[in-house]
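Undergrad: Got a structure for you, written out below as structure tokens; questions coming shortly.
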Amino acid sequence: MVTDQGAAFLSLRFRRAIIDLEADAEAPPAGLPALRGRIERFFRTAGTQALCPFTGRTFESIAAKGDYDPVARVSLTLLELCDVITRWVLDIYHNTPHAGLKGETPANCWKRLVKAYGVIPAPDRHRRRAVFGVKANRCLTPKGVRMLGLHYNSRELQEFRRRNGDVTLEVRLNHMDLGHVGSPPKHGLNKTGSE
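Here it is in structure tokens:
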């Protein structure tokens with residue numbers, strides 16, 4: 000993953016998620032946008048094609064923004080903004096010939112390269128929960144771990160308990176799927192089901 004030097008990308012939480020996903024992160028030096036040319040150009044294209052009809056833009060620089068108050072002129076909610084960008088990327092950007100791809104559309108380029116090289120599958124729901132889930136520390140007991148009034152237990156968890164005793168364990172929960180909790184990969188546990 001390539002990011003800029005923003006505080007969110009330098010945080011321990013972000014770096015830990017990258018490590019837990021067994022991925023790599025790179026961040027070009029701050030203040031040198033030319034080293035991020037492709038993504039900067041994409042943002043410019045998105046700004047001129049997808050976002051130009053809406054008020055509340057932040058512009059590409061303080062000088063370009065001038066006295067314009069984007070907060071006072073916000074015209075989209077976050078959910079609406081996500082919808083606009085998603086529709087633009089899927090319907091327009093991916094289907095428009097691209098000079099950097101020698102006239103091929105990004106969608107056709109993706110299909111061609113996937114056919115030639117395949118694609119690494121996304122992490123399954125248990126891995127995503129273990130990496131991105133809401134964190135809580137819970138005591139490991141013979142009943143497993145208790146979270147939101149539910150006991151989560153498994154053979155794997157009890158084997159971990161026999162090796163390590165009744166310890167406090169960091170668990171992760173996806174609030175949209177209470178059937179399992181997970182733990183970070185460092186514990187060597189993948190998922191624990193609710194009884």
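Taken in order, the sequence shown gives residues 0 to 194; the numbers are from my numbering. Positions of the beta carbon are idealized from the N, C-alpha and C atoms, including for glycine.
1) With a 10 Å radius around its C-beta and 16 neighbouring C-beta atoms as the bar for buried, classify Leu31 as buried or exposed.
2) Is it buried or exposed for Leu11, if we count other Cβ within 10 angstroms and need 16 for buried?
3) Three or more C-beta pairs closer than 8 Å, one from the stretch 165-173 and one from the stretch 135-155: is that the case here?
4) Excluding the 5 residues preceding and the 5 following Ser74 in the sequence, name in chain order all residues of the same chain whose CB lies nearer than 7 Å to its CB.
5) Measure the C-alpha to C-alpha separation of Asp123 and Ala6 and round it to an integer number of angstroms.
6) Which residues in the same chain have their Cβ closer than 8 Å to the Cβ of Gln48, if we skip the five residues on either side of it in sequence?
7) In whole angstroms, what is the alpha-carbon distance linking Arg15 and Val1?
8) To the nearest angstrom, how far is the alpha carbon of Trp109 from that of Gln157?
9) Cβ atoms of Ala33 and Gln4: under 8 Å apart, would you say?
10) Which value, in whole angstroms, describes the spacing of the CA atoms of Leu147 and Glu155?
11) Let me check one thing: in DSSP terms, what residues is Ala135 bridge-paired to?
12) Whole-angstrom Cβ separation of Leu139 and Val166, contact assumed at under 8 Å?
13) Below 8 Å CB to CB, which residues in the same chain sit around Arg128 once its five sequence neighbours on both sides are set aside?
14) Consult DSSP for Thr47 and reduce its assignment to one of helix, strand or coil.
15) Determine the extent of the alpha helix (DSSP H) in which Asp176 is found, giving its start and end residues.
16) Rounded to whole angstroms, what's the CA-CA distance from Phe8 to Ala24? Just pull it up for me.
17) Where does Arg126 sit, in a helix, a strand or coil, going by DSSP?
18) Could you check which residue in Asp68, Ile61, Thr44, Leu50 has the C-alpha nearest to that of Cys81?
19) In whole angstroms, what is the alpha-carbon distance linking Val83 and Leu89?
20) Identify, in the order they occur along the chain, each residue of the same chain with its Cβ nearer than 7 Å to the Cβ of Lys142, setting aside the five sequence neighbours on each side.
TA: Taking the definition as stated:
1) As a first step, residue 31 is located in the sequence shown; it is residue number 32 there, counting from the start. Answer is exposed; the Cβ neighbour count stays below 16.
2) In the sequence shown, counting from the first residue as 1, residue 11 sits at position 12. Note on Leu11: under 16 other CB atoms within 10 angstroms of its CB, so exposed under the neighbour-count rule.
3) Cβ pair count under 8 Å is three or more, so yes.
4) Locating residue 74 in the sequence shown gives position 75, counting from the first residue. In chain order, Phe53, Thr54, Gly55 place their CB closer than 7 Å to the CB of Ser74, counting only its own chain and leaving out the 5 sequence neighbours on each side.
5) Within the sequence shown, numbered from 1, the residue matching residue 123 stands at position 124. Within the sequence shown, numbered from 1, the residue matching residue 6 stands at position 7. Looking at the two C-alpha atoms, the distance is approximately 28 Å.
6) Position 49 of the sequence shown holds residue 48. Take Gln48, set aside five residues on each side of it, and the residues of its chain with a beta-carbon closer than 8 Å to its own are Trp87, Ile91, Tyr92, in chain order.
7) Numbered from 1 along the sequence shown, position 16 holds the residue referred to as residue 15. Numbered from 1 along the sequence shown, position 2 holds the residue referred to as residue 1. Computed Cα separation, rounded: 15 Å.
8) As a position in the sequence shown, residue 109 is number 110, starting the count at 1. As a position in the sequence shown, residue 157 is number 158, starting the count at 1. Cα to Cα, Trp109 sits roughly 44 Å from Gln157.
9) Position 5 of the sequence shown holds residue 4. Position 34 of the sequence shown holds residue 33. No, they are not a contact pair.
10) In the sequence shown, residue 147 corresponds to position 148, counting from 1. In the sequence shown, residue 155 corresponds to position 156, counting from 1. The straight-line gap from Cα to Cα measures roughly 21 Å.
11) One-based indexing of the sequence shown puts residue 135 at position 136. According to DSSP, Ala135 shares a beta bridge with Val170.
12) Within the sequence shown, numbered from 1, the residue matching residue 139 stands at position 140. Within the sequence shown, numbered from 1, the residue matching residue 166 stands at position 167. The C-beta distance from Leu139 to Val166 rounds to 5 Å, short enough to meet the 8 Å contact threshold.
13) Working through the sequence shown from its first residue, we reach residue 128 at position 129. Contacts found: Arg171, Leu172, Asn173, Asp176, His179, Val180, Gly181, Lys190.
14) Mapped onto the sequence shown, residue 47 falls at position 48. It is helical.
15) Working through the sequence shown from its first residue, we reach residue 176 at position 177. For Asp176, there is no enclosing alpha helix (DSSP H); the enclosing beta strand (DSSP E) has its first and last residue at 176-181.
16) Taking the first residue of the sequence shown as 1, we reach residue 8 at position 9. Taking the first residue of the sequence shown as 1, we reach residue 24 at position 25. One alpha carbon belongs to Phe8, the other to Ala24, and they sit about 9 Å apart.
17) One-based indexing of the sequence shown puts residue 126 at position 127. Helix.
18) To locate residue 81, count along the sequence shown from 1; it is residue 82. Nearest of Asp68, Ile61, Thr44, Leu50 to Cys81, Cα basis: Leu50.
19) On the sequence shown, residue 83 is found 84 positions in, with the first residue counted as 1. On the sequence shown, residue 89 is found 90 positions in, with the first residue counted as 1. Just so you know, the alpha carbons of Val83 and Leu89 end up roughly 10 Å apart.
20) Along the sequence shown, one-based indexing puts residue 142 at 143. Answer for Lys142: His150, Asn152, listed in chain order.
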